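Visitor: Numbering (our numbering), first residue to last: 47 to 113.
Where is the CB? At the ideal position from N, CA and C, for every residue including glycine.
Keep in mind the model is a prediction, meaning the values are calculated, not measured.
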Amino acid sequence: MTGSTSERYVLPGGHRDFVELVVPVLQKRGIFRERYEETTLRERLFGKGSARLAVTHPGAAWKRARG
């Protein structure tokens, strides 16, 4: 069962109800974060200082080409 097929069964009131009613309870119990570090996904995966592609990476050429 994927998230999209189970969504209406697990969250009958929708995401808003979950966020407004369930998340605060989970936060009080220490199960759900209240704050997040200000990092990029790339930094979380590859460490600090890796927020952008290295200039030697082939993908970096696209950014330079666009300006």
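(1) Are the Cβ atoms of alanine 100 and glutamate 89 separated by less than 8 Å?
(2) Quick check: the Cα distance between threonine 48 and glycine 76, rounded to an integer number of angstroms?
(3) Using only the alpha-carbon positions, how far apart do glycine 93 and arginine 62 sit?
(4) So glutamine 73 and glutamate 80 are supposed to be a Cβ contact under 8 Å. How far apart are they, rounded?
(5) In three-state DSSP terms, what is valine 69?
(6) What are the uninterrupted segments assigned as alpha helix (DSSP H) that are 4 or more residues long and contained completely in the region 72-96, given in chain order?
Guide: Let me spell this out:
(1) As a first step, residue 100 is located in the sequence shown; it is residue number 54 there, counting from the start. As a first step, residue 89 is located in the sequence shown; it is residue number 43 there, counting from the start. No, these two residues do not count as a Cβ contact at 8 Å.
(2) Along the sequence shown, read from residue 1 onward, the residue named residue 48 stands at position 2. Along the sequence shown, read from residue 1 onward, the residue named residue 76 stands at position 30. Because threonine 48 sits at a pLDDT of 48, beneath the cut-off of 50, its placement in the model cannot be relied upon, and the following sentence gives the value as read from the coordinates. C-alpha separation (whole angstroms): 27 Å.
(3) In the sequence shown, the residue the question calls residue 93 occupies position 47. In the sequence shown, the residue the question calls residue 62 occupies position 16. Going from the Cα of glycine 93 to the Cα of arginine 62 covers about 33 Å.
(4) As a position in the sequence shown, residue 73 is number 27, starting the count at 1. As a position in the sequence shown, residue 80 is number 34, starting the count at 1. Confirmed, Cβ separation roughly 5 Å.
(5) Stepping through the sequence shown from its first residue, residue 69 is reached at position 23. In the structure shown, valine 69 sits in a helix (DSSP, three-state: H, G or I).
(6) 87-92
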